[in-house]
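In my numbering, the protein residues as written are 1 to 313. No residue lacks a Cβ here, since even glycine has one placed at the ideal position from N, Cα and C. One structure is given below, encoded as structure tokens.
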Amino acid sequence: RDESINAQIATGIASYRRHFGRPPRGIWLPECAYRPGYEWSRPVGPAKTWLRPGLEEVVGRHGLRYFFVDTHLVAGGAPIGTYEDRLGQRRLDAARDGTGLSPNEPYTVSAAGRRKVAILARDPRSSVQVWSADYGYPGDGAYLEFHRKHGMDGLRYWRVTDRRLALREKVPYDPNAARERAEAHADHFASLVIETLREHREATGRTGVVVAPFDTELFGHWWFEGPWWLEAVLRKLEGQVDVVTASDFLAAHPPRSTIRLPEGSWGQGGHHWVWLNDGTRWIWEDVYRAEDAFLDVLRATRSRKDPTMRRRG
Numbered sequence: 001r002d003e004s005i006n007a008q009i010a011t012g013i014a015s016y017r018r019h020f021g022r023p024p025r026g027i028w029l030p031e032c033a034y035r036p037g038y039e040w041s042r043p044v045g046p047a048k049t050w051l052r053p054g055l056e057e058v059v060g061r062h063g064l065r066y067f068f069v070d071t072h073l074v075a076g077g078a079p080i081g082t083y084e085d086r087l088g089q090r091r092l093d094a095a096r097d098g099t100g101l102s103p104n105e106p107y108t109v110s111a112a113g114r115r116k117v118a119i120l121a122r123d124p125r126s127s128v129q130v131w132s133a134d135y136g137y138p139g140d141g142a143y144l145e146f147h148r149k150h151g152m153d154g155l156r157y158w159r160v161t162d163r164r165l166a167l168r169e170k171v172p173y174d175p176n177a178a179r180e181r182a183e184a185h186a187d188h189f190a191s192l193v194i195e196t197l198r199e200h201r202e203a204t205g206r207t208g209v210v211v212a213p214f215d216t217e218l219f220g221h222w223w224f225e226g227p228w229w230l231e232a233v234l235r236k237l238e239g240q241v242d243v244v245t246a247s248d249f250l251a252a253h254p255p256r257s258t259i260r261l262p263e264g265s266w267g268q269g270g271h272h273w274v275w276l277n278d279g280t281r282w283i284w285e286d287v288y289r290a291e292d293a294f295l296d297v298l299r300a301t302r303s304r305k306d307p308t309m310r311r312r313g
């Protein structure tokens, strides 16, 4: 429900302000997802319909100036996806015709009569180098194998070796070899970023942007050598590419075009199938019931000014 969405965004803004001393200018919405405004009904339960605003309108009301979306929502084509490793054969790809729009340009997306909010799209060429289940950097044979642990101390002593091998066949980890591969992968990534921006300028005459969002937990957790790689990438880009915040880029290069976006996310298939499918439908019925009950209680206690429903920091 919109009350829940607004509460989540407000909580995120409050947390950011507490840590950084100022409100945020933009937001990375969960799963790089987007929903336009339309007459909406819950996918499970009673078929009640109501008009819901587009997410650009929601974030704009909170004073946010931009958010991030997945490549295919801007450029069309097949979604990149980030969940193939986890889903195996359970996947559904939904491609659409190309739009001719570049993911290396900023755009605005606007509800009628509302303040325009900027969007930045995930760059496909750089993102796939990390996220691809087939040839992404973290799957390199020299890197630490996340899934095999020593039975006694729980530590990891093995390397990926080959993704097709059983865990018992993995060979011991060599940190020196892993660091060399991190440097090589950083060279490749930096070259790709430089090439992408050069091609964009040659094609358009304008300064482009490469947006490469990754979950922070990837670096050091899922991908043990990720911090080495990230440090090397920043070192290799120095003096060749400006590494900037989204806010600074948009201030220097405001969007030139306003576009309309379809609904979607960076989940496998480009929509919401990962989270809403035949295997998860039952839990959404419980989620919606719990959400309704919570909001009913909240309204009732607010009307009585119940102090037990207030938290003071």
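Residue i: buried (16+ other C-beta within 10 angstroms of its C-beta) or exposed?
i       : result
Leu-92  : Only weak support is given to the placement of Leu-92: the predicted model assigns it a pLDDT of 43, under 50, and the value that follows is read from those uncertain coordinates. Exposed.
Pro-138 : buried
Arg-159 : buried
Pro-124 : buried
Thr-108 : buried
Trp-223 : buried
Thr-280 : exposed
Val-287 : exposed
Arg-201 : exposed
Asp-162 : exposed
Gly-60  : buried
Leu-72  : Strictly speaking, residue 72 in this sequence is His, with Leu absent from that position. With 16 or more Cβ atoms within 10 Å of its Cβ, His-72 is classed as buried.
Leu-234 : exposed
Gly-270 : buried
Ile-9   : buried
Val-58  : buried
Leu-165 : exposed
Ala-203 : exposed
Arg-260 : exposed
Arg-35  : buried
Ala-47  : exposed
Ala-232 : buried
Among residues of its own chain, excluding the 5 on either side of residue i, which ones have a beta-carbon nearer than 7 Å to its beta-carbon?
i       : result
Glu-3   : Leu-295
Lys-116 : Thr-108, Ser-110, Thr-258
Arg-17  : Pro-23
Ala-177 : Ala-142
Val-297 : none
Glu-183 : Ala-232
Ser-41  : Ala-47, Lys-48, Thr-49
I'd like to confirm the pairing. Which residues does DSSP put opposite residue i in its beta bridges?
i       : result
Ser-41  : Thr-49
Trp-275 : According to DSSP, Trp-275 bridges with nothing at all.
Trp-333 : The structure shown does not extend to residue 333, since the chain spans only 1 to 313, so no value can be given for it.
Trp-223 : Phe-219
Val-69  : Ala-121
Leu-144 : Arg-159
Gly-26  : Tyr-66
Val-109 : Val-117, Ile-259
Tyr-16  : DSSP lists no partner for Tyr-16.
Gly-264 : Tyr-34
Could you check how far apart the C-beta atoms of residue i and residue j are, in whole angstroms? I think they sit under 8 Å.
i       : j       : result
Ile-237 : Val-243 : It should be noted that the sequence gives Leu, not Ile, for residue 237. Contact flag correct, Cβ pair sits at about 6 Å.
Gly-45  : Glu-285 : 6 Å
Val-74  : Leu-101 : 5 Å
Thr-216 : His-253 : So it is not a contact: roughly 26 Å between Cβ atoms.
Pro-103 : Arg-122 : 7 Å
Thr-196 : Val-210 : 6 Å
Asp-70  : Gly-264 : 7 Å
Ala-186 : Trp-131 : Between Trp-131 and Ala-186 the Cβ distance is about 16 Å, and since that is not below 8 Å, they are no contact.
Tyr-157 : Glu-225 : Not really, about 15 Å apart at Cβ, beyond 8 Å.
Pro-255 : Ala-118 : 5 Å
His-62  : Ile-13  : 6 Å
Thr-99  : Gly-76  : 4 Å
Please go through the same chain and pick out, in chain order, the residues whose beta-carbon is closer than 8 Å to the beta-carbon of residue i, but skip the five residues on each side of it.
i       : result
Gln-240 : Ala-190, Ile-194
Trp-28  : Phe-67, Phe-68, Pro-213
Leu-192 : Arg-125, Ser-126, Gln-129
Leu-155 : Lys-149
Arg-179 : Glu-225, Trp-228
Who are the Cβ neighbours of residue i in its own chain at under 6 Å, not counting the five residues just before and after it?
i       : result
Asp-140 : Arg-181
Glu-39  : Thr-49, Leu-51
Pro-227 : Phe-219, Gly-220
Pro-53  : Gly-37
Gly-88  : Legend: pLDDT at Gly-88 = 41, less than 50; position of this residue unreliable, value from coordinates given subsequently. Correct list: empty, nothing qualifies.
Arg-25  : Arg-65, Ser-247
Ala-33  : Ser-265
Asp-134 : none
Glu-199 : none
Gly-81  : Confidence at Gly-81 is low in this model, with a pLDDT of 47, below 50, so the placement of that residue should be treated as unreliable; the coordinate-derived value is given next. Counting only Cβ-Cβ distances below 6 Å, and skipping sequence neighbours, we find Gln-268.
Any chance the CB of residue i is under 6 Å from a heavy atom of the ligand PLP?
i       : result
Asn-104 : The ligand content of the structure shown is nil, which means the ligand PLP is not present either.
*Quick check: the stretch 130 to 148 against the stretch 168 to 178, are there 3 or more CB pairs under 8 Å?*
yes
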